[in-house]
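In this text, residue positions in the sequence shown follow full-length UniProt numbering: the first is 1, and each later residue adds one.
All C-beta atoms, glycine included, are put in the ideal place defined by N, C-alpha and C.
Source: prediction; values computed, not measured.
First comes the structure, then the notes that go with it.
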Amino acid sequence: MDELDNALFGRSTGSKPKPSLGNIDSLLGETKKAPTKSTLDDLFTDTTSEQKPAPTSSSPATTIQRPSRHVVGTTTLGSLLGPPRTEKEPKPSTASTIAPVPAATPPPQSISSFSEDSLRTKRLENEVERLNREIDELKIRKREDEQDIERLWKDKLSKRNLDHQQDLNDIRTNHEKHISKLEQEHSEELQRLKTTYQRQLDTIQQSAMQWKDVSTVVDKVDMLSSTIHQLTDNVTTVADHSLTEKENALRIREQQLENREQRPNIVKDCMLRLIEEKNQFNDERKKVHELNSKLNELCKGQETAMEQEKYRVREEWNRLNAEKLVFKEDQRFILDSIEKQKMVLEKSKVFTETIFFR
Numbered sequence: 001m002d003e004l005d006n007a008l009f010g011r012s013t014g015s016k017p018k019p020s021l022g023n024i025d026s027l028l029g030e031t032k033k034a035p036t037k038s039t040l041d042d043l044f045t046d047t048t049s050e051q052k053p054a055p056t057s058s059s060p061a062t063t064i065q066r067p068s069r070h071v072v073g074t075t076t077l078g079s080l081l082g083p084p085r086t087e088k089e090p091k092p093s094t095a096s097t098i099a100p101v102p103a104a105t106p107p108p109q110s111i112s113s114f115s116e117d118s119l120r121t122k123r124l125e126n127e128v129e130r131l132n133r134e135i136d137e138l139k140i141r142k143r144e145d146e147q148d149i150e151r152l153w154k155d156k157l158s159k160r161n162l163d164h165q166q167d168l169n170d171i172r173t174n175h176e177k178h179i180s181k182l183e184q185e186h187s188e189e190l191q192r193l194k195t196t197y198q199r200q201l202d203t204i205q206q207s208a209m210q211w212k213d214v215s216t217v218v219d220k221v222d223m224l225s226s227t228i229h230q231l232t233d234n235v236t237t238v239a240d241h242s243l244t245e246k247e248n249a250l251r252i253r254e255q256q257l258e259n260r261e262q263r264p265n266i267v268k269d270c271m272l273r274l275i276e277e278k279n280q281f282n283d284e285r286k287k288v289h290e291l292n293s294k295l296n297e298l299c300k301g302q303e304t305a306m307e308q309e310k311y312r313v314r315e316e317w318n319r320l321n322a323e324k325l326v327f328k329e330d331q332r333f334i335l336d337s338i339e340k341q342k343m344v345l346e347k348s349k350v351f352t353e354t355i356f357f358r
C-alpha cells in the first residue's frame with residue numbers, strides 16, 4: 001500500500017505527523033475527540049455526489065487556491081472535504097469478498113477508492129494546515145494589534161502626563177508672575193501714597209506758615225493804621241493849636257496896629273507882614289489838610305489790602321481744608337483697594353495651591 005501510494009502520488013513512506021484539529025476545537029470551544037470512521041463519514045455527508053477528485057500531481061498542496069478570510073468563515077467542512085466515501089464507493093458484494101484477490105495486481109475499484117481516500121485525506125490535511133496557519137497569523141496579528149494599542153496608550157499617557165506637568169509649570173510661573181506684579185504694584189502704590197501724603201503735609205505746613213506770616217502782617221498793618229490815626233490826630237491838634245495861636249497873635253497885632261495909627265508906614269508894613277504870615281499859615285494849613293487826606297487814603301488802602309488779604313487767606317484755608325478732606329477720602333479709598341487686592345491675592349493663592357496639589 002505504501003509503494004502504491006508512493007508510485008501514484010509521490011509521497012514518502014516515512015511517518016509524517018498529521019495536523020491536528022486542536023486549533024479549530026479551541027476556537028469552537030469543543031473538547032478533542034479521536035476521529036473515527038463514522039465521524040469522518042458524517043463529515044463527508046455534506047458534499048454532493050457530482051464532485052470529482054482532483055487530478056494527481058507531484059505537489060497537490062500547491063494547486064489548491066487559498067480562500068479568503070470571508071470565504072473560510074462561510075464554507076462548510078463538508079464542501080471542503082468533498083463527497084463522502086459512502087456515496088462514491090459502492091458496497092462490495094459477498095461474492096467479491098469471498099473471492100481471493102491476487103496479490104500482485106489489486107482490483108481497479110479498490111485503487112480508485114484508495115486514491116479518492118488519499119486525495120480527500122490530503123485535502124483535509126492541507127485545509128487543516130491552512131487553517132492552522134491562518135489561526136497563527138490571526139494570533140500574531142492580534143498580539144501585534146494589542147502591542148500597538150498598548151504602545152499607543154502608553155504614548156498617550158506619557159504625553160498626557162507631560163502636558164499636565166507643562167500646564168502645572170505654566171500655572172505656577174503665571175501665579176508667581178502675577179503675585180510679583182501685584183506686590184510691585186502694591187509697593188508702588190504705597191510709595192505714591194507716602195509721597196502724596198508728604199507733599200500735602202508740606203503744603204499744609206507752608207500754608208500754616210503763610211497764615212502766620214499773614215497774621216503778623218495784619219497785626220503790623222493794624223499797628224501802622226493806629227499810629228497813622230494817632231499822627232493825624234496829633235497833626236490836626238498841632239495845626240489847630242498853631243492856628244489858634246496865630247489868630248491870637250494876629251489879633252494882638254491888629255490891636256497894636258490900631259493903637260499905632262500915627263505910624264502909617266509901620267502899620268502898612270505890619271499889615272503886609274501879617275498878610276504874608278496869613279498866607280503862609282493858609283498854605284501850611286492846606287499842606288496839613290493834604291497830608292491828612294493822604295494819610296486817610298493810605299489808611300483806607302491798607303484796610304482794603306488787609307481785607308483782601310484776609311479774604312485770600314480765608315479762601316486758601318478753606319481750599320486746604322477741602323484738599324485735606326479729599327486726601328483723607330483718597331487715602332481711605334486706596335487703603336480699601338489695597339485690602340481688596342490682598343484678599344484677591346489670598347484667594348488666588350489658595351486656588352492655585354489647590355490646583356497645584358490636585
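Around the beta carbon of R251, a 10 Å sphere encloses fewer than 16 other beta carbons of the protein chains shown; the residue is thus reported as exposed. Contact between L231 and L295 holds, since their C-beta atoms are separated by about 7 Å, short of 8 Å. Counting only the Cα atoms, D155 lies some 14 Å from E146.
Beta-carbon to beta-carbon, E189 and I355 are separated by about 28 Å, too far to satisfy the 8 Å threshold. Note on L124: 16 or more other CB atoms within 10 angstroms of its CB, so buried under the neighbour-count rule.
R160 is classed as exposed because its beta carbon has fewer than 16 other beta carbons within 10 Å across all chains shown. When the beta-carbon positions are compared, R273 and L243 stay at least 8 Å from each other. The C-beta separation of S225 from E303 comes to about 7 Å, placing the pair in contact by the 8 Å criterion. If you keep only unbroken alpha helix (DSSP H) runs of at least 4 residues inside the segment 145 to 228, you get nothing at all. Residue Q280 holds the alpha-carbon nearest to the alpha-carbon of K246 among V218, Q280, D219. In this structure R120 is buried. Its beta-carbon is surrounded by 16 or more other beta-carbon atoms within 10 angstroms.
In its chain, beyond the 5 residues on either side, Q302, M306 have a beta carbon closer than 7 Å to the beta carbon of V221.
Here the segment 200 to 215 makes contact with the segment 308 to 321; the two share three or more CB pairs at distances below 8 Å. Setting aside the 5 residues that flank it on each side, K268 has no residue in the same chain whose C-beta is closer than 8 Å to its C-beta. Residue environment: S118 is assigned as buried (16 or more neighbouring CB atoms within 10 Å of its CB, all protein chains considered). Here T216 has no same chain residue with a Cβ atom under 8 Å from its own Cβ, once five neighbours each way along the sequence are excluded. Shortest Cα-Cα distance from L335 to any of H186, T227, E150, K122 involves H186. Per the coordinates, the alpha-carbon of H175 lies some 24 Å from the alpha-carbon of Q191.
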